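To convert, count from 1 in the sequence shown and add 6; that's my numbering. Below is one structure, written out as structure tokens, with a few remarks after it.
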Amino acid sequence: MKRFLDENFILTNATAEHLYHDYAAKTPIIDYHCHVSPREIYEDKRFSSITEVWLGGDHYKWRLMRSGGVDEYYITGDADPREKFRKFAEVLPYAIGNPMYHWCHLELKNYFGYTGILNADTADEVYDLCAEKLKDANMSVRGLIKQSNVVFIGTTDDPCDDLHYHKLLANDATMETTVAPSFRPDKALNIDKDGWREYIAKLSEVSCVDITSVAALKEALVKRIAYFNECGCRASDHGLDYAVYAEADDAAIEALFSRGLAGEKISAREAEPLKTALLLFCAAEYEKLGWVMQIHYNCLRNPNSANFKKLGPDSGFDCIGPNSSAAIPKLLDKLYSEDKLPKTVLYSLDPGDNQFLDCIIGAYQGSGVRTKLQHGSAWWFNDHKQGMRDQLVSLANLSILGNFVGMLTDSRSFLSYARHEYFRRILCSLIGEWVEDGEYPNDEKMLRDIVCGICFDNAKSYFGI
């Protein structure tokens, strides 16, 4: 029986052990999509407790606690930090097979030197150990980034953001990691959601464009895209509840925009032509600048209406949404036919889309770029061991796994870099199996190139880092 979380955790054979320890583990991290705060990086934030680090905004953990029957008072309420941590520790041992169990223990081991098991009996011991460890100089935000060997961080930023902290970081000679903004224009497109009209007013002020028409909105977005580009942006990100493609003539889209600006309620279906037009427009602008366009879709947001009203968005109540993948090839085809398709990473929250995405990206490759269209890393409800493995196998079966841009955290936590280790162990285990089963030659150079490529080199080239 293997010891829990030993040095060969998840690595199932000798080849996997060699590939991980000699290559993957030594490779720096490019975290090209996440939700960490550039302000906290610049100010080198320090944390008072493991509760602040772990439970402050992690809806993965909140969902786990709710499933364990924990009262909301100990999750998002005003309970004492130690009490919150105790409640989480009581629930965690029951989460066998959940990636959270692995991530938590990897983080405790890697950053706090704790090699025991977190449970109700050890909760206070772990809490006190972490509180003491967090006093160390290398446990500040920048310290955590440095000891994790992170060389690039792509944050997620609104077009209205002044990118103040990105500018400060870019001019800070003591900051060894590149921190770049990513353009996330969802609020400008979401005419069907509350607050859109107020957001357009804010965008108008920031861009110095009087946004009274679709053309003016496009002008404002171009200005903000140019500003982001000046500040080192290399990628955009679109978070779509569902993939959209609905054509309409300019007059119909203008009329829709005017209704929204007048304060009329616009349904999600009615909004599709405007969203489509703006997606196509933004994509063409990204292509001009050589940016990467990321599209996340098939997410059902806030189905629990009572808790949405009580706690707001991003509180752990989202889920996999109805499949909308039929719109993706229409969007890609329109851009490709007009020679406006940028490098694109597609993420579907529906794991049933793996083969679909791997097939559809193959229909639009070429243009002198290695795998110009990418099937993004297993995302959100799929970034567990089986989900990552399934995504890798599907990508290998139907595309070129060796060109994959690899893992990202998609996290708000500075301890989540342990997820890159988790992914790399799964990757090396899978490749090791193929080699030891005689399905791929034991070619040292090619195996090194494939592993290092997926872990680092491919993302470095793809995102222009």
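Ideal Cβ positions, reconstructed from N, Cα and C, are used throughout, including at glycine. Keep in mind that this is a model prediction, so the values were computed, not measured.
Report the residue from M394, A137, D77 whose alpha carbon sits nearest the alpha carbon of I56.
The count along the sequence shown starts at 1 and reaches residue 56 at position 50. For the set M394, A137, D77, the Cα lying nearest the Cα of I56 is the one of A137.
Beta-carbon proximity check, L284 vs L227, cutoff 9 Å
Here residue 284 refers to the residue found at position 278 when the sequence shown is read from its first residue. Here residue 227 refers to the residue found at position 221 when the sequence shown is read from its first residue. Yes, these two residues count as a Cβ contact at 9 Å.
Less than 8 Å between the CB atoms is what I'm expecting for Q300 and N360, so what's the real figure, rounded?
Stepping through the sequence shown from its first residue, residue 300 is reached at position 294. Stepping through the sequence shown from its first residue, residue 360 is reached at position 354. With 8 Å as the limit, Q300 and N360 do not qualify as a contact, their Cβ atoms being about 17 Å apart.
For A277, which option in Y117, S383, F263 has the closest C-alpha, if you only look at C-alpha atoms?
Counting from 1 along the sequence shown, the entry for residue 277 is found at position 271. Considering only alpha carbons, the answer is F263.
Given W68, which residues of its chain have a CB within under 6 Å of its CB, disregarding the five upstream and five downstream residues?
Taking the first residue of the sequence shown as position 1, residue 68 is located at position 62. So the qualifying residues of the chain are I81, G322.
So, do the stretch 153-173 and the stretch 197-213 have three or more beta carbon pairs nearer to each other than 8 Å?
In short, these stretches touch, since the Cβ pair count reaches three.
By a C-beta neighbour count over all protein chains shown, 10 Å radius and 16 as the cutoff for buried, is D28 buried or exposed?
Counted from its first residue, the sequence shown places residue 28 at position 22. The Cβ neighbour count for D28, taken over all protein chains shown within 10 Å, is under 16; the residue is labelled exposed.
Answer with buried or exposed for H472, where buried requires no fewer than 16 other C-beta atoms within 10 angstroms of its C-beta.
Here the chain has residues from 7 to 471 only, and residue 472 is not among them.
Based on DSSP bridge pairs, tell me the residues matched to Y100.
Position 94 of the sequence shown, counted from the start, is the residue given in the question as residue 100. Per DSSP, none; premise fails for Y100.
Using only CA atoms, which one of V298, D443, A332, P309 lies nearest to D243?
Along the sequence shown, one-based indexing puts residue 243 at 237. Answer by Cα proximity: V298.
Return the Cβ separation of I206 and L286 in integer angstroms, given the expectation that the two are a contact with Cβ distance under 8 Å.
Position 200 of the sequence shown, counted from the start, is the residue given in the question as residue 206. Position 280 of the sequence shown, counted from the start, is the residue given in the question as residue 286. Contact doesn't hold; Cβ gap of about 19 Å is too wide.
Start and end residues, beta strand (DSSP E) containing F158
Reading the sequence shown from its first residue, position 152 is the one you call residue 158. Residues 156-160.
Quick one: does T377 have its CB under 9 Å from some CB of chain B?
Of the protein chains in the structure, only one exists, and it is not chain B.
Does the distance from the C-beta atom of C365 to that of L404 stay below 9 Å?
Taking the first residue of the sequence shown as 1, we reach residue 365 at position 359. Taking the first residue of the sequence shown as 1, we reach residue 404 at position 398. Yes, the pair counts as a contact, with Cβ atoms nearer than the cut-off.
Status (buried if at least 16 other CB within 10 Å, exposed otherwise) for R431:
As a position in the sequence shown, residue 431 is number 425, starting the count at 1. Result: buried.
Any idea what DSSP makes of F220, helix, strand or coil?
Along the sequence shown, read from residue 1 onward, the residue named residue 220 stands at position 214. Looking at the sequence provided, one finds Val at residue 220 rather than Phe. Residue state, collapsed to three classes: helix.
How long is the line joining the alpha carbons of L25 and S154, rounded to whole angstroms?
Taking the first residue of the sequence shown as position 1, residue 25 is located at position 19. Taking the first residue of the sequence shown as position 1, residue 154 is located at position 148. Between L25 and S154, the C-alpha separation is close to 19 Å.
From the DSSP output, in three-state form, read off K451 for me.
Position 445 of the sequence shown, counting from 1, holds the residue named residue 451. DSSP places K451 in helix when its eight states are reduced to three.
Give me the Cα-Cα distance between A290 and N19, rounded to the nearest whole angstrom.
Counted from its first residue, the sequence shown places residue 290 at position 284. Counted from its first residue, the sequence shown places residue 19 at position 13. Straight through space, the alpha carbons of N19 and A290 are spaced by roughly 46 Å.
I want to check one thing, is the minimum distance from the CB of S146 to the heavy atoms of the ligand ATP below 8 Å?
You won't find the ligand ATP in this model; it holds no ligand whatsoever.
Range of the contiguous alpha helix (DSSP H) that encloses R368:
Sequence index remark: in the sequence shown, residue 368 carries index 362 (1-based). Residue identity check: residue 368 is Gly in the sequence provided, not Arg. Segment 360-368, the alpha helix (DSSP H) holding G368.
Quick one: grab the DSSP three-state call for G245.
On the sequence shown, position 239 is the one that residue 245 refers to. Looking at G245 - three-state DSSP - the assignment turns out to be strand.
Three-state class that DSSP yields for T350 in the structure shown:
For the purposes of this step, residue 350 is taken as residue 344 along the sequence shown, with counting starting at 1. In the structure shown, T350 sits in a strand (DSSP, three-state: E or B).
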